[in-house]
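Protein chains in written order, with this note's numbering: chain P, 1 to 312; chain X, 313 to 728.
Don't be surprised by glycine CBs; every beta carbon is placed ideally from N, CA and C.
Just so we're clear, the structure is a prediction, and the values are computed from it rather than from any experiment.
For reference, the structure discussed in these notes is given below.
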Amino acid sequence: MNDLKPRKDLLDIESLELDEIEYVLGNAVPFKQLFQRSVKKVPTLRGKTVLNLFYEPSTRTSSSFEVAANRMSADVTNFSVSSSSITKGESLLDTIETLQAMQSDYIVIRHQAAGVPNIVAKHTGASVINAGDGYHAHPTQALLDTMTFREVHPDYAGKRIAIIGDVLHSRVARSTSTLFNKQGIEVGVLGPGALIPEGRPDFMQRFQSWEDVFDWKPHAIYLLRVQMERQEGQFFPSIAEYHKMYGMNSDRLVSMRKLGAYLMHPGPVNRGVEVTDEAMGYEKSLISTQVENGIAVRMAVLHWLKPETQKD
Amino acid sequence: MRLFKNGKIASEAGPGLVEADVLVNDEGIILEVGPSLKEGDAEVTDCNGCVLVPGMFDLHVRGREPGHEHKETLRTCAEAALHGGITGLVLMPDTSPPIDSGNQLKSIQDRIAELGSIEMLQAGCLTKGRAGEELAGYSGLAALGVPMLTDSDKAISCPDLLRRCMEYARDFDLLVTSHCETPALAKAGVVNEGRLSYRLGLPGLPTISQEIAVERDLALARHTGVRLHLQQISTGMSLDAVRLSKRAGVRVSCEVSPHHLIFSEDDVTEYDTAFKIHPPLQKKEETEALLAGLLDDTIDVLASGHAPHTAFEKSADFGSAPWGASALETSVLAIYDRFIETGRFNWDLLIRKYSSAPRNLVGLDSISIESGRRANFFVFDPEAETVINRDYFRSKCSVTPFSGQSLKGAIREVLV
């Protein structure tokens, strides 16, 4: 039992209390242990329905939610809306009406416009889980990143993580850094000036070079995906130049190995851009652990949220 | 005949209010203003404690007719204006079709005359179809007495085109109005770039978008000698540029909206699209700079920027929802509530900035409450409170950042 305030939706990291974070991450551990058993399912959400509503193409996140919901014994409906087929924004209220009629208990939503999960949450009794909205938030990614980091650093407070790349257009950077900060983990960033926003929070210190990053002795290096499809202007000269300046190459791999730092990436990786083939094989890469923990964390989130659709 | 007894008369002459009765005949002419006037057979309105204020004139209003009658009509626009103490206004030409020729202007002027409501002047476009490519037909617009030229919220990207617009407008002594924005910088920005755009994960609109446009437009006005009016200024840097240009003799005026004086980016919470107002709300310190600019006369005019949309349109996500809010009915009340009641400034400043200056800019005389003049004033009860909710509005649009607030004062009656 727990004495948490019941929460309907997971929309961002900012609004989470520390005891809620502990509750979710704590429950994710036994869910993950389940994966080693022959029967990977628990009956917790039997009879409940989860709607996966993706307005942006995504295979990894939507599958992860689908697997998580299946392992909780919920019924899952996948509803993907290609963004070209809707008039941007205008049909949102109508879509919500449709969703209401489907009487889902949980709505997992990804949308290209920031704030859409908040609007949906306001109009439905179902629990809304934000699976990424614009540049705003990706809270389950932050939870799985924190779970992954805490597994390798159980004494995580005071540890350091360096986030590399496009912070401006990254909901992952926003949510993950906020959660790390809440956990007392220090956050540093490195990237082209135009992609490290002036408006970032004070806790996010900026480095000018990889040398500075390594001098800081980070315990993990978190490479962000270069969002080639999401940029509305030129922020750096070329992909080749990005790789040269900010990519994880052999030299930097040597420094990282010397430090014993872990490597993280939200996926999918652009090989040869953020990271070379060689670095992909790094022994302290946590990239596939992140994927595995994603399922456990999402199960824990489904378990935690309390839809206002259920009477029992 | 009507006799307004025991009111206090506000004027632009000074901060003091003069206690006097006002006698108005059936033709709407003020016959007498003075202490203890005889009632005779006049219908008496006891204004005990109320302030009589000359009607306001709003230089920046969207009536949405023709083409967007689902958002507002000239009739609802006029009703909303009167409800808010505004007895005259200038309509932006961002209608469908846009008002970019004498013929278009004539048809809307006929429509206004047919309505026979308040003083509504229709502005004309700077460029054909507001497309920013070719000059609109100024001679036809000028012949019909167009009050100003503006492409409304579409900035003209090309400095050469804007220069030619100004040079041609100068020949007709037309007022050119600029919506200061640099489209190449503004891009898809929807909130002030900085802390807010980071926190909400929305595309940011940098302040340099306005500041560069202000500098450019001032340079063009200095070069061409045209009369230039800058709409909806929102930063201290923009005001500094205006200050310098005024000192150098450039014929420039500028406006600020009550929204931008009162709200800052700190008020934009939870993706509430009522706060999606153009230009985007700025940092708190900018609102202070705007107030200073209003007090030192760098800012000449208060203008609401009334931009009505349907509740459905504004219910879209923050990025997709249209810019703007209902403003005609909240401007006077909000200015009273935040500035006059609190002693930051007095009625005389409001009358100068929201009645005389905008009237004079478009060639109209100032109005005042004096015998022999047409009655054009409202009765303001400073002791009352007005709750801003859906029921309060006469406009078709009740989307407002003041939603749910209770503002000090109430407009009891408007005479025009």
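In this structure, how does DSSP classify Phe65 (chain P) when only helix, strand and coil are distinguished?
Here residue 65 (chain P) refers to the residue found at position 65 of the first sequence. Of the three classes helix, strand and coil, the one that applies to Phe65 (chain P) here is helix, per DSSP.
My understanding is that Ala322 (chain X) touches Leu335 (chain X), with C-beta atoms under 8 angstroms, so please give their C-beta distance in whole angstroms.
Here residue 322 (chain X) is taken as the residue at index 10 of the second sequence, counted from 1. Here residue 335 (chain X) is taken as the residue at index 23 of the second sequence, counted from 1. By a beta-carbon distance limit of 8 angstroms, Ala322 (chain X) does not contact Leu335 (chain X). Their separation comes to about 18 angstroms.
Below 8 angstroms between beta carbons: does that hold for Thr44 (chain P) and Val297 (chain P)?
Along the first sequence, read from residue 1 onward, the residue named residue 44 (chain P) stands at position 44. Along the first sequence, read from residue 1 onward, the residue named residue 297 (chain P) stands at position 297. Not closer than 8 angstroms, so no.
Kindly confirm or deny that the segment 548-562 of chain X and the segment 502-517 of chain X touch, where touching means at least three C-beta pairs closer than 8 angstroms.
No, the segment 548-562 of chain X does not touch the segment 502-517 of chain X.
To which residues does DSSP link Cys709 (chain X) through a beta bridge?
Taking the second sequence and counting its residues from 1, one reaches residue 709 (chain X) at position 397. Bridge partners of Cys709 (chain X): none, in fact.
Do you know offhand how far Lys317 (chain X)'s Cα is from Asp370 (chain X)'s?
For the purposes of this step, residue 317 (chain X) is taken as residue 5 along the second sequence, with counting starting at 1. For the purposes of this step, residue 370 (chain X) is taken as residue 58 along the second sequence, with counting starting at 1. A straight line joining the alpha-carbon of Lys317 (chain X) with that of Asp370 (chain X) spans about 28 angstroms.
Helix, strand or coil for Leu394 (chain X), going by three-state DSSP, please let me know.
Translated into the one-based positions of the second sequence, residue 394 (chain X) becomes position 82. In the structure shown, Leu394 (chain X) sits in a helix (DSSP, three-state: H, G or I).
Restricting to runs no shorter than 4 residues, where is the alpha helix (DSSP H) found entirely within the segment 432-503 of chain X?
450-455, 471-483, 495-498
Identify every run of the alpha helix (DSSP H) within the segment 619-647 of chain X, keeping only runs that are complete inside it and at least 4 residues long; order them along the chain.
Scanning the segment 619-647 of chain X from its first residue to its last, the whole alpha helix (DSSP H) runs of 4-plus residues come out as 623-626, 643-647.
Selected residue, minimal CA-CA separation from Val226 (chain P), among P:Phe149, P:His303, P:Gly247, P:Lys40:
Within the first sequence, the letter at position 226 stands for residue 226 (chain P). Cα-wise, what sits closest to Val226 (chain P) is P:Gly247.
Chain X contact for Gly247 (chain P) (CB, 8 angstroms cutoff)
Within the first sequence, the letter at position 247 stands for residue 247 (chain P). It does not; no Cβ of chain X falls within 8 angstroms.
If we ignore side chains and look at the alpha-carbon of each, how far apart do Tyr282 (chain P) and Arg60 (chain P) end up?
In the first sequence, residue 282 (chain P) corresponds to position 282, counting from 1. In the first sequence, residue 60 (chain P) corresponds to position 60, counting from 1. Approximately 22 angstroms, taken between the alpha carbons.
Glu331 (chain X) versus X:Asn360, X:Ala325, X:Ile342, residue with shortest Cα-Cα distance
The residue you call residue 331 (chain X) lines up with position 19 of the second sequence. Of X:Asn360, X:Ala325, X:Ile342, the residue nearest in Cα terms is X:Asn360.
Cβ neighbours of Tyr480 (chain X) in the same chain (closer than 8 angstroms, five flanking residues each side left out):
Taking the first residue of the second sequence as position 1, residue 480 (chain X) is located at position 168. Closer than 8 angstroms at Cβ, skipping near neighbours: Leu447, Tyr450.
Chain-order list of residues whose beta-carbon lies under 8 angstroms from that of Leu11 (chain P) (same chain, five-residue window excluded)
The residue given as residue 11 (chain P) occupies position 11 in the first sequence. For Leu11 (chain P), where only same-chain residues beyond five positions count, the Cβ hits under 8 angstroms are Pro117, Asn118, Ala121, Val128, Asn130, Ala137, Pro139.
Taking 8 angstroms as the cut-off, decide whether the C-beta atoms of Ala392 (chain X) and Ser707 (chain X) are in contact.
Residue numbering aside, residue 392 (chain X) sits at position 80 when the second sequence is read from its first letter. Residue numbering aside, residue 707 (chain X) sits at position 395 when the second sequence is read from its first letter. Yes, the pair counts as a contact, with Cβ atoms nearer than the cut-off.
According to the Cβ coordinates, are Asp145 (chain P) and Ala114 (chain P) closer than 8 angstroms?
Position 145 of the first sequence, counted from the start, is the residue given in the question as residue 145 (chain P). Position 114 of the first sequence, counted from the start, is the residue given in the question as residue 114 (chain P). No, these two residues do not count as a Cβ contact at 8 angstroms.
Alpha-carbon spacing of Leu473 (chain X) relative to Leu51 (chain P), whole angstroms
For the purposes of this step, residue 473 (chain X) is taken as the residue at position 161 of the second sequence. For the purposes of this step, residue 51 (chain P) is taken as the residue at position 51 of the first sequence. Straight-line Cα distance between these residues: approximately 53 angstroms.
What's the C-alpha gap between Tyr222 (chain P) and Gly165 (chain P)?
Taking the first residue of the first sequence as 1, we reach residue 222 (chain P) at position 222. Taking the first residue of the first sequence as 1, we reach residue 165 (chain P) at position 165. In this structure, the CA atom of Tyr222 (chain P) is about 9 angstroms from the CA atom of Gly165 (chain P).
Taking the CB atoms as reference points, tell me whether Leu517 (chain X) and Ala553 (chain X) lie closer together than 8 angstroms.
Taking the first residue of the second sequence as 1, we reach residue 517 (chain X) at position 205. Taking the first residue of the second sequence as 1, we reach residue 553 (chain X) at position 241. No, the pair does not count as a contact, with Cβ atoms beyond the cut-off.
Any beta-carbon of chain P closer than 8 angstroms to the one on Leu514 (chain X)?
Within the second sequence, numbered from 1, the residue matching residue 514 (chain X) stands at position 202. So, interface residue.
Given Val488 (chain X) as reference, the closest of X:Ile468, X:His541, X:Tyr704 once Cα atoms are compared:
What you label residue 488 (chain X) is simply residue 176 of the second sequence in a count that begins at 1. The shortest Cα separation from Val488 (chain X) among X:Ile468, X:His541, X:Tyr704 belongs to X:His541.
Assess, as a yes-or-no matter, whether the segment 636-650 of chain X is touched by the segment 708-715 of chain X under the definition of 3 or more beta carbon pairs within less than 8 angstroms.
yes
Determine, for Ala121 (chain P), whether the minimum Cβ-Cβ distance to residues of chain X falls below 8 angstroms.
Here the question's residue 121 (chain P) lines up with position 121 in the first sequence. Ala121 (chain P) does not count as touching chain X.
Enclosing beta strand (DSSP E) for Ala332 (chain X) [first to last residue]:
Position 20 of the second sequence holds residue 332 (chain X). That run of the beta strand (DSSP E) goes 326-336.
Am I right that Leu403 (chain X) and Met368 (chain X) are in contact with their C-beta atoms under 8 angstroms? What's the rounded C-beta distance?
Translated into positions along the second sequence, residue 403 (chain X) becomes position 91. Translated into positions along the second sequence, residue 368 (chain X) becomes position 56. Actually they are not in contact, since the Cβ atoms of Leu403 (chain X) and Met368 (chain X) sit about 15 angstroms apart, beyond 8 angstroms.
Return yes when at least one heavy atom of the ligand FMN lies under 7 angstroms from the C-beta of Val726 (chain X), else no.
What this structure holds is no ligand at all, so the ligand FMN is not there to describe.
Cutting at 8 angstroms between CB atoms, please list the residues of its own chain near Thr599 (chain X), excluding the five before and the five after it.
The residue given as residue 599 (chain X) occupies position 287 in the second sequence. Result list for Thr599 (chain X): His572, Leu573, Ile574, Phe575, Ser576, in chain order.
Evaluate Ala496 (chain X) with the Cβ neighbour count: other Cβ atoms within 10 Å of its Cβ, from every protein chain shown; 16 or more gives buried, anything less gives exposed.
What you label residue 496 (chain X) is simply residue 184 of the second sequence in a count that begins at 1. Its Cβ having fewer than 16 others within 10 Å, Ala496 (chain X) is exposed.
Here's the rule: buried if 16 or more other CB atoms are within 10 angstroms of the residue's CB, otherwise exposed. What is Ser85 (chain P)?
Position 85 of the first sequence, counted from the start, is the residue given in the question as residue 85 (chain P). Only weak support exists for where Ser85 (chain P) lies, its pLDDT of 49 falling under 50; the value from the coordinates is given anyway. Per the 10 Å Cβ criterion, exposed.
What residues in its chain sit with their C-beta under 6 angstroms from that of Ser62 (chain P), if we drop five residues either side in the sequence?
In the first sequence, residue 62 (chain P) corresponds to position 62, counting from 1. The residues are Asn52, Phe54.
Inter-stretch contact (C-beta, 8 angstroms, three-pair minimum) for the segment 409-422 of chain X and the segment 650-663 of chain X
no
Nearest by alpha-carbon distance to Leu259 (chain P): which of P:Asp251, P:Pro201, P:His265 is it?
Numbered from 1 along the first sequence, position 259 holds the residue referred to as residue 259 (chain P). Measuring from the Cα of Leu259 (chain P), the nearest candidate turns out to be P:Asp251.
Three-state secondary structure assigned by DSSP to Ser170 (chain P)
Residue mapping note: residue 170 (chain P) aligns to position 170 of the first sequence, counting from 1. Of the three classes helix, strand and coil, the one that applies to Ser170 (chain P) here is coil, per DSSP.
Counting only beta-carbon separations shorter than 8 angstroms, does Leu816 (chain X) have a partner in chain P?
Within the shown structure, residues of chain X are numbered from 313 to 728, placing residue 816 (chain X) beyond reach of any answer.
Quick one, are the C-beta atoms of Val728 (chain X) and Gly319 (chain X) less than 8 angstroms apart?
Counted from its first residue, the second sequence places residue 728 (chain X) at position 416. Counted from its first residue, the second sequence places residue 319 (chain X) at position 7. Taking 8 angstroms as the Cβ cut-off, Val728 (chain X) and Gly319 (chain X) do not qualify as a contacting pair.
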